[in-house]
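Position 115 (the sequence shown) corresponds to 114 in numbering that gives the first Met the number 0; numbering is contiguous. The C-beta atom is built at its ideal place from N, Cα and C for all residues, glycine as well.
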Amino acid sequence: MRSTLPLRAIRLRHVLREPSSWVHQMPVVADLRERGRLEFPSPVTVLSGENGVGKSTLLEALALKLGFGATGGRLDDPFKQASTGTESPLVHDLVADLSQPLLRGYFLRAESHLTQVLHNQSPMETAGRNRLEADWDITARSHGESIFDIFHEYIDGAGLYLLDEPEAGLSTIRQMALLGQIAEEVRQGAQFVIATHSPILMAFPGTTIYEIGEHGICTTALEQTEAFTALAEFFADPHGTVDFLLGE
Numbered sequence: 000m001r002s003t004l005p006l007r008a009i010r011l012r013h014v015l016r017e018p019s020s021w022v023h024q025m026p027v028v029a030d031l032r033e034r035g036r037l038e039f040p041s042p043v044t045v046l047s048g049e050n051g052v053g054k055s056t057l058l059e060a061l062a063l064k065l066g067f068g069a070t071g072g073r074l075d076d077p078f079k080q081a082s083t084g085t086e087s088p089l090v091h092d093l094v095a096d097l098s099q100p101l102l103r104g105y106f107l108r109a110e111s112h113l114t115q116v117l118h119n120q121s122p123m124e125t126a127g128r129n130r131l132e133a134d135w136d137i138t139a140r141s142h143g144e145s146i147f148d149i150f151h152e153y154i155d156g157a158g159l160y161l162l163d164e165p166e167a168g169l170s171t172i173r174q175m176a177l178l179g180q181i182a183e184e185v186r187q188g189a190q191f192v193i194a195t196h197s198p199i200l201m202a203f204p205g206t207t208i209y210e211i212g213e214h215g216i217c218t219t220a221l222e223q224t225e226a227f228t229a230l231a232e233f234f235a236d237p238h239g240t241v242d243f244l245l246g247e
C-alpha cells in the first residue's frame, strides 16, 4: 500500500464567496471554518451522524471540488453531469489539499445510483470495461448487486473513492461483504471517504470516524457513535425497546 494518501485535508477559503448562505449556518461548516482544517490521515475516513447534519452536503461539495460529476460516477468520465441544480454553494468555498494529482476515483451516491447505473450501461461505457464483460447488464441486477458490480469495475486500487450511504439496499451480510471489498482495495492503495449510518462499515480497522451533529465535528470511536450505541441498546433488549417506542 502506498504511504501517501491522495487526500490530505479540506478547509474553507479565507474569503468566502457566499458567507451568508444557509450552508455556512450548518454546525458542520461552522466547525470546519473554526478549526481551519479537517485531516484525512487514514485509508478510510467515515462521516457519521443523524440525518440532516450535513454528511452528504460535505461529501458532495468535496466530490464536485475534485471534479466528479454531480450524480456520481468515475472521475475521468467525459460525459459526467457537472450540476443537477440542487447542489449547495459549499463547493465554491471548499479547498482540498491533495498530496498528488488525482487521476483515479469514483463517487458513489445512493440517491442517484440508478441514474449512474443506466449511464454505466451505455454502449461507450460497456465498450471500455476492464473487469466486467461488455454484455454484463448492470440494469438487470438488484440495487445491492449493482453496488458490487460498480466496485468490481470502477473501484480499482490506488485512487480516491467517495461513498455516500453505500449501505442503502444492502443486507447486513452484504454490508459485511462490502467491508471486505473495501479492505481489499485499501491493500491496493485506495483511500475512501464514506458517509454512512452503518456501524459495520465504520468498523474497518484504523478508520478515522468524524461524528457530525449540532456540536459540529468530533473525532470518535466506533462504540461511541450514535449509530452503534442505538443498535447496541436495541439488541440488548429488543422487545423492551419496541414496547417503549410503541408506548406499551
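Quiz item: Is the beta carbon of ILE264 sitting closer than 8 Å to the one on LYS54?
Solution: Since the first and last residues shown for the chain are 0 and 247, residue 264 lies out of range.
Quiz prompt | Residues bridged to PHE191 (per DSSP) | solution = VAL43 and TYR160
Self-check item: Proximity of VAL185 and VAL45 at Cβ, strictly below 8 Å
Solution: no
Self-check item: Where PRO165 falls, given that 16 or more other Cβ within 10 Å makes a residue buried
Solution: buried
Exercise. Buried or exposed for PRO5, please, with buried defined as at least 16 other CB atoms from any protein chain shown within 10 angstroms of its CB.
Key: buried
Exercise. Report yes if the C-beta distance between GLY72 and GLN115 is below 8 Å; otherwise report no.
Key: yes
Quiz prompt | Exposure label - ARG108; buried when at least 16 CB within 10 Å | solution = buried
Exercise. Excluding the 5 residues preceding and the 5 following HIS91 in the sequence, name in chain order all residues of the same chain whose CB lies nearer than 6 Å to its CB.
Key: Scanning its chain for C-beta atoms nearer than 6 Å, with the 5 sequence neighbours on each side dropped, one finds around HIS91 the residues ARG16, in chain order.
Practice problem: Could you work out which residue in PRO100, GLY143 and PHE106 is closest to LEU169 when comparing CA atoms only? | Solution: GLY143
Quiz item: What first and last residue would you give for the alpha helix (DSSP H) that runs through ALA182?
Solution: 171–186
Quiz prompt | Proximity of ASP96 and ALA229 at Cβ, strictly below 8 Å | solution = Result no, Cβ atoms of ASP96 and ALA229 do not sit closer than 8 Å.
Exercise. Verify whether the separation of the beta carbon atoms of TYR209 and THR195 is less than 8 Å.
Key: Taking 8 Å as the Cβ cut-off, TYR209 and THR195 do not qualify as a contacting pair.
Exercise. Specify the secondary structure class of PHE106 as computed by DSSP and reduced to three states.
Key: strand
Self-check item: Nearest candidate by alpha-carbon position, reference ILE199, set GLY35, GLU222 and GLU59
Solution: Of the candidates GLY35, GLU222 and GLU59, the one whose C-alpha sits nearest the C-alpha of ILE199 is GLU222.
Self-check item: Contact under 8 Å by Cβ, LEU101 with LEU65
Solution: yes
Self-check item: 8 Å contact criterion, which ALA62 and LEU161 should meet: CB distance rounded
Solution: 5 Å
Quiz item: If you count every other CB in all the chains shown that lies within 10 Å of the CB of SER87, and 16 or more means buried, which is it?
Solution: buried
Quiz item: Taking all protein chains shown into account, do 16 or more other C-beta atoms lie within 10 angstroms of the C-beta of ILE172, making it buried, or fewer, making it exposed?
Solution: exposed
Quiz item: Who are the Cβ neighbours of ASP256 in its own chain at under 7 Å, not counting the five residues just before and after it?
Solution: Outside the modelled stretch of the chain, which goes from 0 to 247, sits residue 256, for which no answer is possible.
Quiz item: Of the choices GLY246, HIS238 and SER197, whose alpha-carbon is the least far from that of PHE227?
Solution: SER197
Quiz prompt | Local Cβ density within 10 Å of GLY104, reported as buried at 16 or more and exposed below that | solution = Sixteen is the threshold: when 16 or more other Cβ atoms of the shown chains lie within 10 Å of the Cβ of GLY104, as they do, the residue is buried.
Quiz item: Where LEU93 and THR224 are concerned, what is the direct C-alpha to C-alpha distance, given to the nearest angstrom?
Solution: 26 Å
Practice problem: Name, in chain order, the residues that DSSP records as bridge partners for ARG73. | Solution: Per DSSP, TYR105.
Self-check item: Other residues of its chain near ARG12: CB distance less than 7 Å, five sequence neighbours each side excluded
Solution: ASP92 and VAL94
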